[in-house]
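Trainee: Shown below is the structure under consideration.
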Amino acid sequence: MDSELSAEQISKMSSRDFDAKVTINIHDGDLKGEYVFERNPEVNREMFSISVERGPGYKDDVTKQGAIGIHMLQQTDGPFELKLLSKEFIGMIKVGNYPAREMKGKQKDRLIFTNKDSSTSWVKADGALQTLNDVEFTYVGEWLDIKGKNEARRVEGTYTDDVTFEYYDRAKLLATETVSVTVNFSGVQGYNALMSDHK
Numbered sequence: 610m611d612s613e614l615s616a617e618q619i620s621k622m623s624s625r626d627f628d629a630k631v632t633i634n635i636h637d638g639d640l641k642g643e644y645v646f647e648r649n650p651e652v653n654r655e656m657f658s659i660s661v662e663r664g665p666g667y668k669d670d671v672t673k674q675g676a677i678g679i680h681m682l683q684q685t686d687g688p689f690e691l692k693l694l695s696k697e698f699i700g701m702i703k704v705g706n707y708p709a710r711e712m713k714g715k716q717k718d719r720l721i722f723t724n725k726d727s728s729t730s731w732v733k734a735d736g737a738l739q740t741l742n743d744v745e746f747t748y749v750g751e752w753l754d755i756k757g758k759n760e761a762r763r764v765e766g767t768y769t770d771d772v773t774f775e776y777y778d779r780a781k782l783l784a785t786e787t788v789s790v791t792v793n794f795s796g797v798q799g800y801n802a803l804m805s806d807h808k
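Following my numbering from start to finish, the sequence shown increments by one per residue and tops out at 808.
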């Protein structure tokens, strides 16, 4: 973890060199169980992002639109890929609870898995969050100086929502179910001066 690294080691790292991990607990239904996904920093398509809208006050404790966005993380010792996780909120990145942001129109935050296990019938579980429950940030670390005059800090948190999954094979919809899901996440928020200067 970050505390095991020296300031010299951290100064040579980019934000994507830090550990990023997501644990997803599905409490009922066909996918009931715990699933762990970790980012491989050497795979560019894998992304873990925690951010608020750019502009003045980016690093300050002021209310802004924020988002958690995770793409293409591989399951630890399993056949699933976390193709997409998205959760938007209104608040700040500081320890505490913040309300989810309601998206426009029929858009919903997503939780999408793909499945490489050929012994099962489905290849994609396309989930849409049905409840607008809070995001809770449980830990926010200090800003650290990293490579390229940038900064990063560790952010950890959790949320629980009802998710409607649509299960697909390669051609058609197989089944639909709504289940309770808890997401726990740990990654870093990156910063450079352009984020504050953005208009």
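Even glycine gets a Cβ: it sits at the ideal position worked out from N, Cα and C.
All values reported here derive from a predicted model rather than from experimental measurement.
Output the residue ranges of the beta strand (DSSP E) runs that lie fully inside the segment 704-743 and measure 3 residues or longer, sorted by chain position.
Mentor: The segment 704-743 contains these whole beta strand (DSSP E) runs: 705-707, 719-724, 733-738.
Trainee: Rank LEU803, ARG779, THR769 by C-alpha distance to the C-alpha of VAL792 and give the top, closest one.
Mentor: THR769
Trainee: Only counting runs of 3 or more residues, tell me where the beta strand (DSSP E) segments fall wholly within the segment 633-663, in order along the chain.
Mentor: List check, beta strand (DSSP E) in window: 642-647, 656-661.
Trainee: Can you find the residues in the same chain that come closer than 7 Å, C-beta to C-beta, to GLY766, ignoring five residues on each side of it along the sequence?
Mentor: VAL744, GLU745, PHE746, THR747, PHE794
Trainee: Would you list the one or two residues that DSSP bridges to PHE794?
Mentor: VAL631, GLY766
Trainee: Exposed or buried, which one is GLU613 when buried takes at least 16 other CB atoms within 10 Å?
Mentor: Around the beta carbon of GLU613, a 10 Å sphere encloses fewer than 16 other beta carbons of the protein chains shown; the residue is thus reported as exposed.
Trainee: ALA616 lies in the alpha helix (DSSP H); which residues open and close that run?
Mentor: Its alpha helix (DSSP H) spans residues 616-620.
Trainee: Quick one: what's got a C-beta closer than 6 Å to LEU694's C-beta in the same chain, skipping five residues either side?
Mentor: ILE679, LEU720
Trainee: Out of GLU711, PRO688, GLU690, state which residue places its alpha-carbon closest to the alpha-carbon of ILE699.
Mentor: GLU711
Trainee: Assuming PHE627 contacts VAL797 under a Cβ cut-off of 8 Å, what Cβ separation, rounded to an integer in Å, is found between them?
Mentor: 4 Å
Trainee: Could you pull the start and end residues of the beta strand (DSSP E) that GLY678 belongs to?
Mentor: 673-684
Trainee: Within the continuous beta strand (DSSP E) that includes GLU697, where are the two ends?
Mentor: 689-700
Trainee: Which of the three DSSP states is assigned to GLY750 in this structure?
Mentor: coil
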